[in-house]
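Contents: one structure, followed by commentary.
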Amino acid sequence: MSKTIRRFADLISPVTREKFESDYCGKAHLCVSGNDDKFEDVASWDVINELLADSTLWTGRLLTLAKQGPTLDPKTYCVVETDRDGHVIQRPVPELIHKHLEDGATLVLNHADTLTPELSGVAGCLQLQFRAQVKCNIYCSWQASQGFATHFDGTDVFVLQIAGRKFWNLYEGFYEKPLSSSPYVFKLGAEENERLKGDCIEKVELTPGDVLYIPRGQYHDAIASSEASLHLTFGIVPLVGVNVFDVVKAQLENDPLFNRPLPHYDQQDALKSHLGMLGKRLEEIISGCEAKQLIRNHQKNAAVQESFPAYDMPFAGRVSVFKVEDVGSLLGDNLLVRDWLCNRDWFTDSEFAKAFPDRDINNELRILIKLCAIEQIG
Numbered sequence: 000m001s002k003t004i005r006r007f008a009d010l011i012s013p014v015t016r017e018k019f020e021s022d023y024c025g026k027a028h029l030c031v032s033g034n035d036d037k038f039e040d041v042a043s044w045d046v047i048n049e050l051l052a053d054s055t056l057w058t059g060r061l062l063t064l065a066k067q068g069p070t071l072d073p074k075t076y077c078v079v080e081t082d083r084d085g086h087v088i089q090r091p092v093p094e095l096i097h098k099h100l101e102d103g104a105t106l107v108l109n110h111a112d113t114l115t116p117e118l119s120g121v122a123g124c125l126q127l128q129f130r131a132q133v134k135c136n137i138y139c140s141w142q143a144s145q146g147f148a149t150h151f152d153g154t155d156v157f158v159l160q161i162a163g164r165k166f167w168n169l170y171e172g173f174y175e176k177p178l179s180s181s182p183y184v185f186k187l188g189a190e191e192n193e194r195l196k197g198d199c200i201e202k203v204e205l206t207p208g209d210v211l212y213i214p215r216g217q218y219h220d221a222i223a224s225s226e227a228s229l230h231l232t233f234g235i236v237p238l239v240g241v242n243v244f245d246v247v248k249a250q251l252e253n254d255p256l257f258n259r260p261l262p263h264y265d266q267q268d269a270l271k272s273h274l275g276m277l278g279k280r281l282e283e284i285i286s287g288c289e290a291k292q293l294i295r296n297h298q299k300n301a302a303v304q305e306s307f308p309a310y311d312m313p314f315a316g317r318v319s320v321f322k323v324e325d326v327g328s329l330l331g332d333n334l335l336v337r338d339w340l341c342n343r344d345w346f347t348d349s350e351f352a353k354a355f356p357d358r359d360i361n362n363e364l365r366i367l368i369k370l371c372a373i374e375q376i377g
C-alpha cells in the first residue's frame with residue numbers, strides 16, 4: 000500500500016486539523032510521532048542520490064552547504080562554467096562537497112518541492128491547507144554536526160524526519176518584527192540572537208516518521224543524533240500586506256493622480272496635502288471591486304501553482320486538478336466515490352478515471368462540483 004501523503008490530516012495525525020488550527024497554527028510548535036515507515040514513499044537516501052546524480056539540476060544557489068551559521072561561500076565547493084544555454088553558473092564539484100561534509104557541513108538541496116511527484120504531493124496538501132505557496136528544502140547532516148546556529152525562520156515550517164535521528168531545541172523566544180523568507184536572523188548578530196531566544200522550553204528527538212511544526216519567528220536549533228540524518232522542511236510562504244502593492248501596481252501606474260509630480264520638498268503644506276490625496280486614492284483603489292478580485296486571484300494562483308500535475312502523457316490534453324471539499328452529502332451510489340475522496344485533499348481527472356473506469360467521468364465530476372463535494376482548482 001502506498002504511503003504517499005495526499006492529505007494534510009494524514010501529515011499531522013493523530014492530531015486533528017481542528018486541534019492544530021485552534022491550538023498551534025502560528026502560535027506554538029507541535030511534535031507528532033509517526034510510524035517509521037510513514038514517509039518511506041516521500042523520500043529516502045536513494046532518492047537523494049538520484050537527484051544529486053543529475054548534475055544539471057544543481058548550482059551554487061540550489062545546492063548549499065552550512066556549518067554553524069550562514070551558508071558557505073559557493074566558491075569553496077563550486078567551479079564557474081557555462082551551461083548548455085551559454086549562461087555562466089556555479090557548478091557544484093562532488094570532490095569539494097565531500098571535503099566539506101567530512102568537516103561537518105550540512106548539505107541542503109533548495110527548492111525541491113517539485114522534483115518528485117511524492118514531494119509535490121506533500122507540498123500540494125500544505126498549499127491547500129494554508130492557501131499559500133510552499134517551498135521544500137532537503138537537509139542531509141551527520142552526527143554531532145550542527146549546520147545552523149540557533150535561529151528563527153521567516154515562514155511556518157513543517158519538518159519531516161525521513162532517516163536517522165535529529166535533536167531539536169525549541170526556545171520560548173519569538174522574533175516578532177516583520178519577517179521575510181531571507182535569513183535575516185544572521186544579520187542580528189550572535190549576542191542579539193542569544194538575548195532574544197530565551198530559555199529552551201522543549202527538547203525533542205525526531206526519528207523517521209515524526210513531524211515537527213515550528214511557527215515562523217520561533218527560535219530553534221538542531222543537531223544530528225545518529226550517524227546520518229535526512230529531513231525535509233516545507234516552508235509556508237503566504238502573501239502578506241506588502242504584496243498587495245505588487246498586485247495593484249499596474250492600477251497605480253495608470254492612475255492620473257499617481258503620475259502627477261510631487262510638490263517641491265520645501266512646500267511642506269502642499270506636499271502633506273498631496274500625500275493625503277494619494278493615501279485616499281490608494282484606499283479607494285485597494286477597496287475597489289477590481290483590486291479585490293485581482294488580489295483574490297493572486298492569492299489563489301500562488302496557492303495552487305507548481306505542486307500539482309500538469310501533464311499526463313501520452314494524453315495530450317489539459318490535466319484538470321480538483322480540491323476535495325464537503326463529501327458528507329455523497330450517499331447511495333456515491334459511497335465508493337466518497338470513500339475514495341476521503342483519502343486525499345486533491346486529485347486529477349485522470350486519477351479519477353483510473354479509479355472509476357466504468358463511469359462517465361465528465362458527468363461524475365460535474366455532479367460532484369454541483370454538490371459542492373469538489374472544486375476545480377487547475
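Position 108 (the sequence shown) corresponds to 107 in numbering that gives the first Met the number 0; numbering is contiguous.
The beta-carbon is built from N, C-alpha and C at its ideal position, and this holds for glycine as well.
These figures come from a predicted structure and were not determined experimentally.
Asked                                                                                                        : Found
Counted within 10 angstroms of its Cβ, other Cβ atoms place K37 as buried (16 or more) or exposed            : buried
Alpha carbon of E350 to alpha carbon of A372, nearest angstrom                                               : 16 Å
Check whether L195 and K322 have beta carbons under 8 Å apart                                                : no
Sub-8 Å separation of L159 and V41 beta-carbons                                                              : yes
CA-to-CA distance, D112 to A162, given in whole angstroms                                                    : 18 Å
Between the CA atoms of T206 and L108 - distance to the nearest angstrom                                     : 20 Å
Residue from D344, C341, L364 and N342 whose Cα sits closest to the Cα of A378                               : Beyond the ends of the chain as shown, which are 0 and 377, falls residue 378; an answer cannot be given.
Close beta carbons around L251, own chain, < 6 Å, minus the five adjacent residues each side                 : F257
Three-state class that DSSP yields for Y183 in the structure shown                                           : Bear in mind that a pLDDT of 48 at Y183, under 50, signals an unreliable position, so the model cannot answer this.
One or two residues paired with V158 in a DSSP bridge                                                        : L211 and T232
Per DSSP, cross-strand counterpart(s) of C199                                                                : Y170
Ordered list of beta strand (DSSP E) runs contained in the region 290-377, each at least 3 residues          : 320-323, 345-347 and 373-375
Where H86 sits in the DSSP three-state scheme                                                                : coil
S21 in three-state terms, based on DSSP                                                                      : helix
Inter-stretch contact at 8 Å, needing at least 3 Cβ pairs: the region 209-219 / the region 140-155           : yes
Other residues of its chain near P91: CB distance less than 7 Å, five sequence neighbours each side excluded : W57, G59, L62, Y76 and C77
Top-ranked residue by Cα proximity to R6, from G377, R343, F355 and D357                                     : R343
Assigned secondary structure, N136 (DSSP; H/G/I helix, E/B strand, else coil)                                : strand
Nearest residue (CA-CA) to L118, options K26, L169, E305 and V14                                             : E305
Whole-angstrom C-beta distance between E204 and R164, which should lie under 8 Å                             : 6 Å
DSSP-derived helix/strand/coil call for Q217                                                                 : strand
L64 vs I96 beta-carbon contact at 8 Å                                                                        : yes
V247 - DSSP class collapsed to helix/strand/coil                                                             : coil
D102 at chain B interface by Cβ criterion, 8 Å                                                               : In summary, chain B is missing from the structure at hand, where a single protein chain is found.
Nearest-angstrom beta carbon gap, C135 and I4 [assumed within contact, 8 Å]                                  : The pair is not a contact, with the Cβ atoms about 12 Å apart (cut-off 8 Å).
Sub-8 Å separation of F233 and V121 beta-carbons                                                             : yes
Residue range of the alpha helix (DSSP H) that includes V31                                                  : Run containing V31: none in the alpha helix (DSSP H); it sits in the beta strand (DSSP E), L29 to V31.
Check whether V303 and I213 have beta carbons under 8 Å apart                                                : no
Boundaries (first-last residue) of the alpha helix (DSSP H) holding L270                                     : Q267 to S286
Beta-carbon proximity list for H273, same chain, < 7 Å, skipping 5 on both sides                             : L261 and P262
Paired residues, beta bridge with C77 - DSSP                                                                 : P91
Selection from F307, E374, L211 and A189 that minimises the alpha carbon distance to P69                     : A189
Beta-ladder partner(s) of K165, from DSSP                                                                    : L205 and A223
Contact set for D359: own chain, Cβ-Cβ below 8 Å, skip 5 residues either direction                           : none
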